[in-house]
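K.L.:
First, the structure itself, so that you have it in front of you.
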Amino acid sequence: MLDNQGRNIRYLRLSVTDRCNFRCRYCMPAEGVCKREHSEMLSFEELTEIVRTAVSLGVSKVRLTGGEPLVRRGIVDLCRSLRAINGVRELTMTTNGALLPQYAAELKQAGVDRLNISLDTLNEDKFASLTRGGSLADTLAGLDAAWNAGFRGTKLNAVLLGGVNADEIPALAQLAQDGKYEVRFIELMPIGECADWPRERFLSADAVLHALPELQRLPNEGVAELYRMPGWKGKIGLIRPMSHRFCADCDRIRVTADGRLKPCLHSAQEIPLRGLHGENLERALREGMFRKPVSHHMQSGQPSESRRGMSQIGG
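Be aware that the sequence shown starts at 791, since it is given in the working numbering, and climbs by one per residue.
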């Protein structure tokens, strides 16, 4: 389906929970999000109906997010149900990887096509500090489990944090050398917990080009600028929501775990879907897609207009 700017909306990011087993400093408060009752979250039946309706409007790619999607009980069954929907051409998931030793094989068997795994640092102490208690060893074990389960094309997402992991850009990038992973560096956005962080924490993706001057440009893939180091098999991606807006090419919508459609991550606009079925659900989705904003309005020093943090929207 085309929105009011002629963009073809084909990509749904579907949050299945706002809970997480990590407490990443840029994403969640130290105490975690306010726990909601199970009845406040979309049921698997509701999630499946939303996806089926979105697919009827032209969506073909679905990414499951959180929080941490693997903490949602029955997540493998949900993946299996979504995979069975005719028209879902790609089913993916974003995860912190810590629970993949338990779930990777089941996710692959359930029909998940690809994984994105968050990995901001390779330093154990930094990892524990950034995640407020997470284990780097657990996430690295998750990478191995995903590979052994047959997942290929896994993307590693590293949020650029000035004064925190800028010195690790070459080491993180090197994970793409043998072609097992594509490493994507993502600019930190002033939303939620980090909306008021000092300016020096917000690092332009140009820092990657400065740290790795040998990078060779490749054609873009969606909103990602792609590069490759000479002799390397894997790719390096730059996601620039701040320094180079990619809104003109954005083809995604988001649905929160409590059933609200966000046409844009950084807009305050939310369209309630909970309790809607059939034509009413289709009408609400169609309206949200069509009225997708032209672009976000974040400027230097201005935070996101969203009233929620990333864990409450879906990363």
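C-beta atoms are modelled at their ideal positions from N, C-alpha and C, and glycine is treated no differently.
Any C-beta of chain B sitting closer than 8 angstroms to the C-beta of L912?
P.N.:
The structure shown has no chain B; it contains just one protein chain.
K.L.:
What would DSSP say about Q1006, mapped onto helix, strand or coil?
P.N.:
Counted from its first residue, the sequence shown places residue 1006 at position 216. Reduced to three states, the DSSP call for Q1006 is strand.
K.L.:
Within 10 angstroms of the Cβ of K1052, are there 16 or more other Cβ atoms? Answer buried if so, exposed if not.
P.N.:
For the purposes of this step, residue 1052 is taken as the residue at position 262 of the sequence shown. Classification of K1052: buried, given that the 10 Å Cβ count is 16 or more.
K.L.:
Assuming V954 is part of the beta strand (DSSP E), what are its boundary residues?
P.N.:
One-based indexing of the sequence shown puts residue 954 at position 164. Careful: V954 lies outside any beta strand (DSSP E) and carries neither H nor E.
K.L.:
So, helix, strand or coil for M1079, using DSSP?
P.N.:
Residue mapping note: residue 1079 aligns to position 289 of the sequence shown, counting from 1. Looking at M1079 - three-state DSSP - the assignment turns out to be helix.
K.L.:
Answer with buried or exposed for K1082, where buried requires no fewer than 16 other C-beta atoms within 10 angstroms of its C-beta.
P.N.:
Counted from its first residue, the sequence shown places residue 1082 at position 292. Buried.
K.L.:
What separation, rounded to the nearest whole angstrom, lies between the Cα atoms of E977 and E990?
P.N.:
Working through the sequence shown from its first residue, we reach residue 977 at position 187. Working through the sequence shown from its first residue, we reach residue 990 at position 200. Distance between the alpha carbons of E977 and E990: 12 angstroms.
K.L.:
Can you name the start and end residues of the alpha helix (DSSP H) that N938 belongs to?
P.N.:
Taking the sequence shown and counting its residues from 1, one reaches residue 938 at position 148. It spans L926 to N938 - the alpha helix (DSSP H) in which N938 sits, taken as one unbroken run.
K.L.:
For the beta strand (DSSP E) that L854 lies in, which residues bound it at each end?
P.N.:
For the purposes of this step, residue 854 is taken as the residue at position 64 of the sequence shown. It spans K851 to T855 - the beta strand (DSSP E) in which L854 sits, taken as one unbroken run.
K.L.:
For the beta strand (DSSP E) that contains L1051, what are its first and last residues?
P.N.:
As a first step, residue 1051 must be located in the sequence shown, where it is residue number 261. Segment R1050 to K1052, the beta strand (DSSP E) holding L1051.
K.L.:
Count the other CB atoms, across all protein chains shown, that sit within 10 Å of the CB of D793; report buried if there are 16 or more and exposed otherwise.
P.N.:
Within the sequence shown, residue 793 is the residue found at index 3, counting from 1. Counting Cβ neighbours within 10 Å, D793 comes out buried, since at least 16 surround it.
K.L.:
Less than 8 angstroms between the beta carbons of G1078 and D1039, yes or no?
P.N.:
Residue 1078 sits at position 288 when you count from the first residue of the sequence shown. Residue 1039 sits at position 249 when you count from the first residue of the sequence shown. For G1078 and D1039, no; Cβs fall outside 8 angstroms.
K.L.:
Tell me, please, which residues DSSP counts as bridged to I753.
P.N.:
Any property of residue 753 remains undetermined from this structure, which presents the chain solely from 791 to 1105.
K.L.:
What number of angstroms, rounded off, separates the C-alpha of P819 from the C-alpha of L946?
P.N.:
Mapped onto the sequence shown, residue 819 falls at position 29. Mapped onto the sequence shown, residue 946 falls at position 156. Their Cα atoms are separated by approximately 23 angstroms.
K.L.:
In the DSSP assignment, what residue or residues form a beta bridge with E1011?
P.N.:
By 1-based counting over the sequence shown, the position of residue 1011 is 221. Answer is A1014.
K.L.:
So what does DSSP say about R942, is it helix, strand or coil?
P.N.:
Along the sequence shown, one-based indexing puts residue 942 at 152. Reduced to three states, the DSSP call for R942 is coil.
K.L.:
Compute the Euclidean distance between the alpha carbons of Q1059 and V1045, then round it to the nearest angstrom.
P.N.:
In the sequence shown, counting from the first residue as 1, residue 1059 sits at position 269. In the sequence shown, counting from the first residue as 1, residue 1045 sits at position 255. So the alpha carbons of these two residues sit roughly 12 angstroms apart.
K.L.:
Cutting at 8 angstroms between CB atoms, please list the residues of its own chain near T807, excluding the five before and the five after it.
P.N.:
Start at 1 with the first residue of the sequence shown, and residue 807 comes out as number 17. So the qualifying residues of the chain are M831, G856, G857, E858, P859, V861, R862 and A1047.
K.L.:
Starting from R842, trace the alpha helix (DSSP H) in both directions and tell me its first and last residue.
P.N.:
As a position in the sequence shown, residue 842 is number 52, starting the count at 1. Counting along the chain, the alpha helix (DSSP H) containing R842 begins and ends at F834 to S846.
K.L.:
Considering only C-alpha positions, which residue in the set R803, L868, D934 and V841 is nearest to F834?
P.N.:
Walking along the sequence shown from the start, residue 834 turns up at place 44. Nearest option by C-alpha distance: L868.
K.L.:
If you check the beta carbons only, do L881 and V849 fall under 8 angstroms apart?
P.N.:
The residue you call residue 881 lines up with position 91 of the sequence shown. The residue you call residue 849 lines up with position 59 of the sequence shown. No, the pair does not count as a contact, with Cβ atoms beyond the cut-off.
K.L.:
Grouping DSSP H, G and I as helix and E and B as strand, with all else coil, what is N798?
P.N.:
Position 8 of the sequence shown, counted from the start, is the residue given in the question as residue 798. Strand.
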